[in-house]
Each structure stands twice: as structure tokens, then as C-alpha cells.
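Number of protein chains: 2
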Amino acid sequence: MTLLALASMPLALPAQTSNLIATTRRSVTCVPESDFPRYDDQRCAYFRVTAPDAHKVQVAVAGIEPLELQKDSLGVWTGKSAPLPLGFHYYSLLIDGASVADPATYTYFTNHPVSAIEIEEGIEGNYYRPQPGVAKGQVRSVQYYAESTNEWRRALVYTPAEYETKRHKRYPVLYLQHGMSEDETSWTKAGLMHNIMDNLIAAKECVPMIVVMESGDINRPMLKPGDENPFAGFLTFGKSFYDVMTNDLIPMIDKTFRTKKDSDHRAMAGLSWGGRQAMEIVTSNMDKFSYIGDFSGALLLQNLKEDFGGILSRPDEFNRKIHYFFIGYGGAGDFGPSDVKALENSGIRFHAYESSGTAHEFLTWRRCLKEFLPHLFK
Amino acid sequence: MTLLALASMPLALPAQTSNLIATTRRSVTCVPESDFPRYDDQRCAYFRVTAPDAHKVQVAVAGIEPLELQKDSLGVWTGKSAPLPLGFHYYSLLIDGASVADPATYTYFTNHPVSAIEIEEGIEGNYYRPQPGVAKGQVRSVQYYAESTNEWRRALVYTPAEYETKRHKRYPVLYLQHGMSEDETSWTKAGLMHNIMDNLIAAKECVPMIVVMESGDINRPMLKPGDENPFAGFLTFGKSFYDVMTNDLIPMIDKTFRTKKDSDHRAMAGLSWGGRQAMEIVTSNMDKFSYIGDFSGALLLQNLKEDFGGILSRPDEFNRKIHYFFIGYGGAGDFGPSDVKALENSGIRFHAYESSGTAHEFLTWRRCLKEFLPHLFK
Numbered sequence: 066m067t068l069l070a071l072a073s074m075p076l077a078l079p080a081q082t083s084n085l086i087a088t089t090r091r092s093v094t095c096v097p098e099s100d101f102p103r104y105d106d107q108r109c110a111y112f113r114v115t116a117p118d119a120h121k122v123q124v125a126v127a128g129i130e131p132l133e134l135q136k137d138s139l140g141v142w143t144g145k146s147a148p149l150p151l152g153f154h155y156y157s158l159l160i161d162g163a164s165v166a167d168p169a170t171y172t173y174f175t176n177h178p179v180s181a182i183e184i185e186e187g188i189e190g191n192y193y194r195p196q197p198g199v200a201k202g203q204v205r206s207v208q209y210y211a212e213s214t215n216e217w218r219r220a221l222v223y224t225p226a227e228y229e230t231k232r233h234k235r236y237p238v239l240y241l242q243h244g245m246s247e248d249e250t251s252w253t254k255a256g257l258m259h260n261i262m263d264n265l266i267a268a269k270e271c272v273p274m275i276v277v278m279e280s281g282d283i284n285r286p287m288l289k290p291g292d293e294n295p296f297a298g299f300l301t302f303g304k305s306f307y308d309v310m311t312n313d314l315i316p317m318i319d320k321t322f323r324t325k326k327d328s329d330h331r332a333m334a335g336l337s338w339g340g341r342q343a344m345e346i347v348t349s350n351m352d353k354f355s356y357i358g359d360f361s362g363a364l365l366l367q368n369l370k371e372d373f374g375g376i377l378s379r380p381d382e383f384n385r386k387i388h389y390f391f392i393g394y395g396g397a398g399d400f401g402p403s404d405v406k407a408l409e410n411s412g413i414r415f416h417a418y419e420s421s422g423t424a425h426e427f428l429t430w431r432r433c434l435k436e437f438l439p440h441l442f443k
Numbered sequence: 066m067t068l069l070a071l072a073s074m075p076l077a078l079p080a081q082t083s084n085l086i087a088t089t090r091r092s093v094t095c096v097p098e099s100d101f102p103r104y105d106d107q108r109c110a111y112f113r114v115t116a117p118d119a120h121k122v123q124v125a126v127a128g129i130e131p132l133e134l135q136k137d138s139l140g141v142w143t144g145k146s147a148p149l150p151l152g153f154h155y156y157s158l159l160i161d162g163a164s165v166a167d168p169a170t171y172t173y174f175t176n177h178p179v180s181a182i183e184i185e186e187g188i189e190g191n192y193y194r195p196q197p198g199v200a201k202g203q204v205r206s207v208q209y210y211a212e213s214t215n216e217w218r219r220a221l222v223y224t225p226a227e228y229e230t231k232r233h234k235r236y237p238v239l240y241l242q243h244g245m246s247e248d249e250t251s252w253t254k255a256g257l258m259h260n261i262m263d264n265l266i267a268a269k270e271c272v273p274m275i276v277v278m279e280s281g282d283i284n285r286p287m288l289k290p291g292d293e294n295p296f297a298g299f300l301t302f303g304k305s306f307y308d309v310m311t312n313d314l315i316p317m318i319d320k321t322f323r324t325k326k327d328s329d330h331r332a333m334a335g336l337s338w339g340g341r342q343a344m345e346i347v348t349s350n351m352d353k354f355s356y357i358g359d360f361s362g363a364l365l366l367q368n369l370k371e372d373f374g375g376i377l378s379r380p381d382e383f384n385r386k387i388h389y390f391f392i393g394y395g396g397a398g399d400f401g402p403s404d405v406k407a408l409e410n411s412g413i414r415f416h417a418y419e420s421s422g423t424a425h426e427f428l429t430w431r432r433c434l435k436e437f438l439p440h441l442f443k
């Protein structure tokens with residue numbers, strides 16, 4: 066390959082978009098050389114795609130109808146969306162019917178690589194941004210062999226800044242799961258959990274802790290011809306992770322890191338399907354955990370005597386073993402409210418939190434994490 | 066968002082491709098739910114793209130002519146390439162002229178997210194695969210504020226397995242750079258450097274060391290109208306990184322990790338444009354480094370009295386300060402041979418290595434790293 070072959074560059078910005086650049090903000094998800102996607106004060110998003118020979122280019126974002134882009138004489142497609150919710154939204158391009166990531170942003174994993182746009186908050190979002198003077202922890206990629214599934218896997222492990230200097234101190238551990246189709250990278254790339262941890266620890270709003278993120282093995286299965294219900298058997302999604310968690314992951318973490326190993330110092334939380342996984346794993350292993358966080362989690366409670374082995378129908382036992390049970394959800398439509406209702410007169414001790422104006426996406430989950438952390442290990 | 070809305074699934078595999086599945090191998094770069102891209106014993110690659118309304122779908126891979134895919138009645142495009150070189154190859158799809166990543170593979174960063182296919186070696190490639198019984202190091206994501214460029218940046222830092230248990234031991238440091246358009250993730254995601262380090266350390270072929278990977282700030286600039294030479298000024302690409310390296314990155318690493326801080330225990334290497342950056346930084350800071358690795362590096366030597374401040378025309382000084390100078394390149398066409406020729410009778414002490422049958426891609430650079438490491442810090 067020659068230097069010149071490396072030079073297949075995007076076209077320079079047409080003159081007519083320079084005013085747009087001045088009056089709108091660039092998404093933090095953009096790759097360095099890209100000025101799009103952008104958004105304005107009304108939270109309308111602007112997209113720009115080079116596709117000279119395409120007949121139709123659309124953007125599928127945030128659950129609204131696919132946005133059709135318009136082509137100019139140079140083969141550059143642009144479009145403006147209706148106002149989007151605040152926060153972080155995955156999206157894909159549809160180029161003549163092919164669903165692909167936008168080359169203008171970094172990619173995120175939801176079964177396949179997708180793009181994202183973030184409609185940013187003001188200073189109220191500083192808790193998930195790096196702050197001057199705040200010591201930074203690390204996120205460590207750790208490979209290990211899981212006997213349960215006979216494969217090499219990896220965990221991402223957050224360690225607080227002081228872990229490097231307090232060389233004999235031991236720490237409690239939070240296991241933190243992603244949602245359906247995501248993977249172990251989602252909480253750092255989309256959730257910015259490392260910044261949330263650093264900022265809350267520095268402000269003494271939570272205790273220093275280790276946070277472990279692994280893949281919950283919940284890729285969406287492929288449709289087979291004849292499948293009438295694409296979610297047939299969906300309650301079993303991610304079951305293979307349960308043995309990995311208890312037989313392989315927890316032992317590896319306790320061996321590799323300076324952890325506190327007792328149940329009073331181990332918590333589990335997850336978002337969406339990961340919230341359900343957290344509930345399943347904790348209620349099946351009450352000797353190992355004392356805290357549960359359920360962020361927009363699909364608990365789908367129907368009958369407390371049967372769901373999750375019936376533990377939610379035995380409030381004395383549950384409340385004695387679980388020090389804190391958090392259920393959070395987005396106020397703009399989300400899983401959560403029906404589960405809160407099902408638990409209201411059950412005697413189960415829990416804390417419900419509603420994130421104002423956000424939906425089933427990562428701004429809700431950043432806020433849930435921020436609300437949840439101060440209650441752990443105290 | 067409802068569970069059902071999450072269910073926009075890829076089509077099931079058509080029956081006629083099941084024989085292909087049986088007779089070819091799936092690329093290790095595939096996302097979990099994808100069976101393509103694949104390759105056969107002749108190193109021909111097979112691609113498969115769902116694009117029902119597209120008029121032309123091509124694959125741009127490994128410097129060959131774009132491969133045209135053929136559409137079936139379901140809107141699925143497939144195609145078989147000519148034999149590809151062994152190794153790891155970035156590629157993009159062209160869907161009606163739009164250059165995008167293939168949703169079937171994980172993405173890699175080269176200015177924009179792109180896809181990759183790996184034509185794998187046999188057991189001779191075990192040195193970059195995780196091996197039973199070999200203790201695994203960690204790759205840590207470390208954020209820091211760089212005063213030189215007034216921004217938050219991050220480094221990826223490999224620490225050897227024993228770093229966790231030998232809590233007072235100090236380690237030498239290798240700074241390892243990516244190529245043009247890549248970033249700090251390239252050496253782990255595409256280079257699998259963590260496996261190479263673990264395996265060589267376990268076999269005592271190299272000493273345990275810390276390896277630091279940062280972005281060299283070498284995105285390709287966007288073409289501007291009127292630019293006759295897209296590489297006008299290319300010798301300055303990535304200059305902003307030089308101050309970051311000496312003023313911010315090295316001090317942060319020496320403060321955060323248990324490093325040996327003297328020049329006898331600091332090395333720098335890079336691939337392609339990163340090899341040039343390593344050469345520039347080391348020759349401008351001979352008091353800080355004692356080792357140079359140049360993997361397919363664009364040194365572009367013209368005049369030893371002028372290149373790199375003329376240091377290559379002063380062999381006594383260079384040889385006294387630099388303990389080991391490595392130049393490696395792919396045998397199937399690459400940067401390197403002209404630089405080796407320019408140095409042949411210079412009196413400069415260096416070791417040249419040619420990777421048999423590979424080109425300007427990551428299999429060459431994995432091999433270069435494997436050849437380079439045993440000579441460091443001994």
C-alpha cells in the first residue's frame with residue numbers, strides 16, 4: 066500500500082453548510098475529522114452522508130420514523146430530524162435498504178456496530194465528564210478462560226485511582242451489566258461509567274470500589290424461517306452467562322484483584338435485560354450478594370410467588386439478606402413502572418427512581434448509576 | 066423502545082450457502098451472530114451483505130480492485146475474492162458509492178470505522194493467540210490531561226501478569242505507536258499485542274515490561290478544494306504528539322506506574338508513520354531513550370547528514386546511545402528496504418528483518434514486535 070492509497074479522503078465541507086457549523090453543536094461521538102452529526106438548541110439533529118450513487122438514504126434514530134435525507138449535486142445527503150430526547154442515542158444509516166453504521170461517528174456494539182449521537186446536557190451532565198483535579202481510575206481489559214463455556218473471555222474492570230497507591234487495601238465489588246445486544250464495552254463507551262465513578266469517589270458521594278463489566282451473552286438470536294414469535298424463548302436469553310458469573314468470573318476477579326470477598330461487599334446491577342440478569346443471578350445466589358440495582362430492567366413481574374423462585378413473596382428473607390434494592394427507569398417511557406407497582410404492597414424494601422424526561426437509553430442509565438452508587442457498601 | 070423494536074434481525078442464512086459454511090473458515094473478526102466474511106484454503110475471501118434496494122455493492126480490501134458482489138432474489142449480495150495475502154486486512158463496503166463498514170465484523174479505526182478480515186496462519190500464529198497456562202497481563206485505559214494540547218487524552222497501558230503480585234518491582238517501558246489514520250486501540254484490537262507480550266514473557270523470550278500505546282494524532286487531514294497534492298505538508302503529520310509525549314505522557318506514566326525512569330529502560334517503536342514518529346522523538350530526545358523499533362516505518366531517508374537532525378551521520382554518537390535499532394518490513398512490498406540500503410555503509414548499528422510473504426499490514430507488525438522484544442532491556 067502506498068501513502069497515496071491511504072489518501073481516499075472525505076470531501077471538504079460544501080460552503081452552504083458553514084452557517085450550520087456556526088449555529089449548531091458537534092456530537093461528542095464524532096470521529097476527529099468529521100463535523101457531523103450535529104444538533105441545535107431545539108435538540109434537532111443534523112446528519113450528513115456521502116453516497117453519490119445511492120437512491121435513498123435514511124437515518125434510523127431514537128425510535129422515530131426513519132428520517133429521509135436529501136441529496137445535493139455533489140452526492141452529499143443531509144437532513145434535519147424532529148427534536149430528539151436529551152441523551153445518548155444509537156442510530157444506523159439505511160443506504161438503499163442496507164443498515165450500516167455512519168462513518169462519521171465512532172461505533173458502539175448492539176449485535177452489530179452502530180453509530181451514536183449525543184444530545185448533551187449542560188453542567189448538570191458534569192458528573193459523567195472528566196473534571197479538573199479529579200484523580201482518574203483505570204479501566205482494565207482482563208482476559209480469562211471460562212471453564213463453564215470453554216472459551217477465552219474478557220472482563221473490563223474499573224479500579225479507583227487510589228488502587229495504585231494504597232497497595233494493601235481491599236475493595237468491595239460491583240458487577241455491572243449491559244442490555245440486550247450490547248457487550249462489555251457499553252458501560253464505558255456509551256455509559257462513561259469511569260467518569261461517573263471518578264467524580265463520585267472524589268466527592269465522597271460513594272466509597273471507592275471495583276466495578277466489573279462482562280458480556281452477558283445476550284446477542285439477539287437470528288430469526289429462523291417459521292419462527293412466528295421472534296422472542297420465542299426469550300426468557301432464556303443470556304442464561305449461559307449465569308454459570309460463567311458464579312463459576313469463573315467471580316473467582317477470577319477475587320483472585321486477580323484486591324477484593325473484599327464476602328457477600329456484604331458484593332453488588333450486582335444491570336440495565337434493561339442486564340437488570341433482569343442481575344435479579345436472576347442475585348436471587349439464585351443470596352449467599353454471594355447484598356445489593357441489587359435494576360436500571361430499566363425487564364423484571365416483567367407477574368406473580369411474586371413464582372417470579373425469581375418466589376423470593377419476592379418472602380419479604381422477611383429478602384429484606385434480611387439484601388441491604389439495598391434499587392429500581393430506576395426513564396420517565397419518558399420505559400420498563401420499570403409496572404414492576405414498581407407489583408412490589409408496592411409486597412413488603413419488599415426497595416427504592417424507586419424516575420429519571421425525568423429520558424427514555425430507554427444511556428442518559429437514564431448514567432443517572433441510575435449516579436443514584437445507586439451512594440447506597441452501596443455503607 | 067419495546068422489546069419488539071429491538072428485534073430487527075438479520076435474515077437467516079439461505080440454504081445454498083450452507084455448503085460454503087462447511088468448507089470454509091469464519092474470520093475471527095466476525096461479530097457473534099455473523100457467519101461472514103469467510104475464507105478458503107486458497108485464501109479467497111467470501112463476503113455477504115444484505116442490501117435489498119442497492120444497485121451495486123462492492124468490497125474494497127487489501128489493495129486489490131474493488132470486488133463486485135452479486136445479488137440474489139432475497140436482496141442478499143455475495144462474492145468471492147481473488148486470493149488475499151495471509152494476515153489481517155482492513156476493508157470497507159461500497160454500497161452504491163457510499164464507503165461504510167460491514168455490519169458483519171467488529172470495527173477498527175482508520176480515520177473512520179472500517180471492517181477487517183483475518184486470513185489466519187496455522188500454529189505458527191500461536192504467539193498472538195491466548196495459550197493455555199500462560200498468565201495474562203492487563204491492558205488499562207488511563208485518562209490524563211495533556212497541558213501541551215489542552216485536552217483530556219487517554220493511553221492504553223499493558224502491564225504484565227506479575228505486575229499485580231510483585232507489588233514493589235519496577236519495570237522498563239516500551240512506547241508503541243500505530244500507523245497513519247489509526248489510533249491507540251490499533252495495537253490491541255488489530256495487533257493483539259497483549260497476547261504477544263503474555264506469550265513471550267511466559268516463554269522468557271523477553272523481560273516483563275510495561276507497554277504504552279497512545280494516539281499519535283495522525284488522522285489524515287480532509288482534502289480542501291484546490292489542494293493539488295493531498296499530502297502537501299505530510300512531513301508535519303502528527304507533530305502535535307511530540308510535545309504530548311515528552312511533556313505529558315512520559316511524566317504521567319512514570320508517576321502512575323512502577324517504571325524504571327532512566328533512558329536505559331525506555332524504548333520507542335512504531336509502525337508505518339508511527340515508526341517515523343518514533344525515530345523523530347527518540348533522535349530528538351537521546352537522553353530519554355536507548356532503543357528504537359521501526360516497523361514498516363516511513364523514514365524516507367534521503368540524506369543522512371540532514372534527516373533526523375543528522376544523527377545518522379554520526380554513528381559513534383548514535384551507537385553509543387542507542388543499544389538496539391530494529392528495522393522490519395513485509396517482504397511482499399513495503400516501506401523499509403530503501404532505508405536499510407541508505408544505512409548499509411553508514412556505520413550505524415541496526416538489525417534488519419524481513420517478514421516473509423506479508424505486506425504493509427498487521428501480520429507484518431505482529432511479527433516485527435515478536436522479533437524486536439527479545440532485544441530490549443538486556
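Protein chains in written order, with the working numbering: chain A, 66 to 443; chain B, 66 to 443. No residue lacks a Cβ here, since even glycine has one placed at the ideal position from N, Cα and C.
Contact set between G140 of chain A and chain B, taken where Cβ atoms lie within less than 8 Å: Your numbering for residue 140 of chain A matches position 75 in the first sequence. Residues of chain B passing the Cβ test: G162.
T230 of chain B, DSSP secondary structure in three states: For the purposes of this step, residue 230 of chain B is taken as residue 165 along the second sequence, with counting starting at 1. Assignment of T230 of chain B by DSSP, reduced to helix, strand and coil, places it in the coil class.
Cβ pair count under 8 Å reaching 3, the stretch 387–395 of chain A against the stretch 419–439 of chain A: At 8 Å Cβ cutoff, the stretches touch.
Chain-ordered chain B contacts of Y209 of chain A [CB-CB under 8 Å]: Counted from its first residue, the first sequence places residue 209 of chain A at position 144. Result: K201.
Beta-carbon proximity of V222 of chain A to I275 of chain A, cut-off 8 Å: Looking up residue 222 of chain A in the first sequence gives position 157. Looking up residue 275 of chain A in the first sequence gives position 210. Yes.
Own chain partners of N312 of chain A with C-beta closer than 7 Å, once the 5 adjacent residues on each side are dropped: Residue 312 of chain A sits at position 247 when you count from the first residue of the first sequence. These residues qualify, in order along the chain: E212 and S213.
From B:I182, B:L434 and B:K121, residue whose alpha carbon lies closest to that of I357 of chain B: As a first step, residue 357 of chain B must be located in the second sequence, where it is residue number 292. Looking at the Cα atoms, B:L434 is the closest of the given residues.
Contact under 8 Å by Cβ, I188 of chain B with Y104 of chain B: Working through the second sequence from its first residue, we reach residue 188 of chain B at position 123. Working through the second sequence from its first residue, we reach residue 104 of chain B at position 39. No, the Cβ-Cβ distance between I188 of chain B and Y104 of chain B is not below 8 Å.
Close beta carbons around F360 of chain B, own chain, < 6 Å, minus the five adjacent residues each side: Translated into the one-based positions of the second sequence, residue 360 of chain B becomes position 295. Only L336, G340, G393, W430 and C433 meet the Cβ criterion.
Continuous alpha helix (DSSP H) stretch holding S378 of chain A: start and end: If you number the first sequence from 1, residue 378 of chain A lands on position 313. Taken as a continuous stretch (DSSP letters only), S378 of chain A belongs to no alpha helix (DSSP H), as it is neither H nor E.
Cβ-Cβ distance between L265 of chain A and A334 of chain A below 8 Å: What you label residue 265 of chain A is simply residue 200 of the first sequence in a count that begins at 1. What you label residue 334 of chain A is simply residue 269 of the first sequence in a count that begins at 1. One thing to note: L265 of chain A has its Cβ no nearer than 8 Å to the Cβ of A334 of chain A.
Beta carbon of A220 of chain B nearer than 8 Å to that of M278 of chain B: One-based indexing of the second sequence puts residue 220 of chain B at position 155. One-based indexing of the second sequence puts residue 278 of chain B at position 213. Going by C-beta atoms, A220 of chain B is nearer than 8 Å to M278 of chain B.
Inter-residue Cα distance where the pair is P273 of chain B and S349 of chain B: Within the second sequence, the letter at position 208 stands for residue 273 of chain B. Within the second sequence, the letter at position 284 stands for residue 349 of chain B. For P273 of chain B and S349 of chain B, the distance between alpha carbons rounds to 27 Å.
Buried/exposed call for A70 of chain B, threshold 16 Cβ in 10 Å: To locate residue 70 of chain B, count along the second sequence from 1; it is residue 5. Any answer about A70 of chain B is weak, because its pLDDT of 36 lies below 50 and its placement is not dependable; what the coordinates show is given next. Classified as exposed, A70 of chain B has fewer than 16 neighbouring CB atoms from the shown chains inside 10 Å of its CB.
A424 of chain B versus P150 of chain A: straight-line alpha-carbon distance, rounded: Locating residue 424 of chain B in the second sequence gives position 359, where the first residue counts as 1. Locating residue 150 of chain A in the first sequence gives position 85, where the first residue counts as 1. For A424 of chain B and P150 of chain A, the distance between alpha carbons rounds to 47 Å.
Top-ranked residue by Cα proximity to F306 of chain B, from B:L300, B:T321, B:Y193 and B:I283: Against the second sequence, residue 306 of chain B aligns to sequence position 241. Checked all of B:L300, B:T321, B:Y193 and B:I283; the closest Cα to F306 of chain B is B:I283.
Cross-chain neighbours of K231 of chain B in chain A, by beta carbon under 8 Å: Along the second sequence, read from residue 1 onward, the residue named residue 231 of chain B stands at position 166. In chain order: nothing, as chain A lies at least about 11 Å away.
Residues that T301 of chain A bridges to, as DSSP identifies them: As a first step, residue 301 of chain A must be located in the first sequence, where it is residue number 236. Note: T301 of chain A sits in no beta bridge, so no partner.
Within chain A, partners of D352 of chain B - CB distance below 7 Å: In the second sequence, the residue the question calls residue 352 of chain B occupies position 287. None at all; the shortest Cβ gap to chain A is about 27 Å.
Local Cβ density within 10 Å of A147 of chain A, reported as buried at 16 or more and exposed below that: If you number the first sequence from 1, residue 147 of chain A lands on position 82. A147 of chain A comes out exposed.
Length of the line joining the Cα atoms of H440 of chain A and S355 of chain A: Within the first sequence, numbered from 1, the residue matching residue 440 of chain A stands at position 375. Within the first sequence, numbered from 1, the residue matching residue 355 of chain A stands at position 290. Approximately 11 Å between the Cα atoms of the pair.
Terminal residues of the beta strand (DSSP E) in which T391 of chain A lies: Locating residue 391 of chain A in the first sequence gives position 326, where the first residue counts as 1. The displayed chain sequence assigns Phe, not Thr, to residue 391 of chain A. Counted as a single uninterrupted DSSP element, the beta strand (DSSP E) harbouring F391 of chain A occupies residues Y389 to G395.
Cβ neighbours of M66 of chain B in the same chain (closer than 7 Å, five flanking residues each side left out): As a position in the second sequence, residue 66 of chain B is number 1, starting the count at 1. Any reading at M66 of chain B needs caution, since the residue's pLDDT is 35, under 50, leaving its predicted position unreliable; the model's value is listed next. Non-local beta-carbon contacts of M66 of chain B in its own chain, meaning distances under 7 Å to residues more than five positions away in sequence, are absent.
Residue interval of the alpha helix (DSSP H) (run including S403 of chain B): Position 338 of the second sequence, counted from the first residue, corresponds to residue 403 of chain B. S403 of chain B: member of the alpha helix (DSSP H) spanning P402 to L408, first to last residue.
Closest residue to C95 of chain A among A:Y111, A:Q242 and A:N84 (Cα-Cα distance): Counting from 1 along the first sequence, the entry for residue 95 of chain A is found at position 30. Comparing alpha carbon positions, the residue from A:Y111, A:Q242 and A:N84 closest to C95 of chain A is A:Y111.
Closest Cα partner of L132 of chain A within the set A:R113, A:V93 and A:G140: Looking up residue 132 of chain A in the first sequence gives position 67. When only C-alpha atoms are compared, the closest one is A:R113.
Chain-ordered chain B contacts of W217 of chain A [CB-CB under 7 Å]: For the purposes of this step, residue 217 of chain A is identified with residue 152 of the first sequence, where counting begins at 1. Simply P195.
Continuous beta strand (DSSP E) stretch holding I266 of chain B: start and end: To locate residue 266 of chain B, count along the second sequence from 1; it is residue 201. Not the beta strand (DSSP E): I266 of chain B falls in the alpha helix (DSSP H), residues M258 to A267.
C-beta contact flag for M317 of chain B and Y209 of chain B at 8 Å: Here residue 317 of chain B refers to the residue found at position 252 when the second sequence is read from its first residue. Here residue 209 of chain B refers to the residue found at position 144 when the second sequence is read from its first residue. When the beta-carbon positions are compared, M317 of chain B and Y209 of chain B come within less than 8 Å of each other.
Alpha-carbon spacing of Y262 of chain A relative to L438 of chain A, whole angstroms: Locating residue 262 of chain A in the first sequence gives position 197, where the first residue counts as 1. Locating residue 438 of chain A in the first sequence gives position 373, where the first residue counts as 1. Here the sequence assigns Met to residue 262 of chain A, which means Tyr is not the residue at that position. About 9 Å.
For H440 of chain A, the three-state DSSP class (helix, strand or coil): Position 375 of the first sequence, counting from 1, holds the residue named residue 440 of chain A. Residue state, collapsed to three classes: helix.
CA-to-CA distance, K121 of chain A to I129 of chain A, given in whole angstroms: As a first step, residue 129 of chain A must be located in the first sequence, where it is residue number 64. As a first step, residue 121 of chain A must be located in the first sequence, where it is residue number 56. Distance between the alpha carbons of I129 of chain A and K121 of chain A is about 18 Å.
Rounded C-alpha distance that separates P97 of chain B from G374 of chain B: Stepping through the second sequence from its first residue, residue 97 of chain B is reached at position 32. Stepping through the second sequence from its first residue, residue 374 of chain B is reached at position 309. So the two alpha carbons sit approximately 50 Å from each other.
Within 8 Å, strictly: CB atoms of P168 of chain A and V165 of chain B: Position 103 of the first sequence, counted from the first residue, corresponds to residue 168 of chain A. Position 100 of the second sequence, counted from the first residue, corresponds to residue 165 of chain B. Going by C-beta atoms, P168 of chain A is nearer than 8 Å to V165 of chain B.
Start-to-end residues for the beta strand (DSSP E) that takes in K320 of chain B: Here the question's residue 320 of chain B lines up with position 255 in the second sequence. Per DSSP, K320 of chain B belongs to no beta strand (DSSP E); it is in the alpha helix (DSSP H), I315 to T321.
Below-8 Å beta-carbon distance, K254 of chain A vs any chain B residue: Counting from 1 along the first sequence, the entry for residue 254 of chain A is found at position 189. Judged by the 8 Å Cβ criterion, K254 of chain A is not in contact with chain B.
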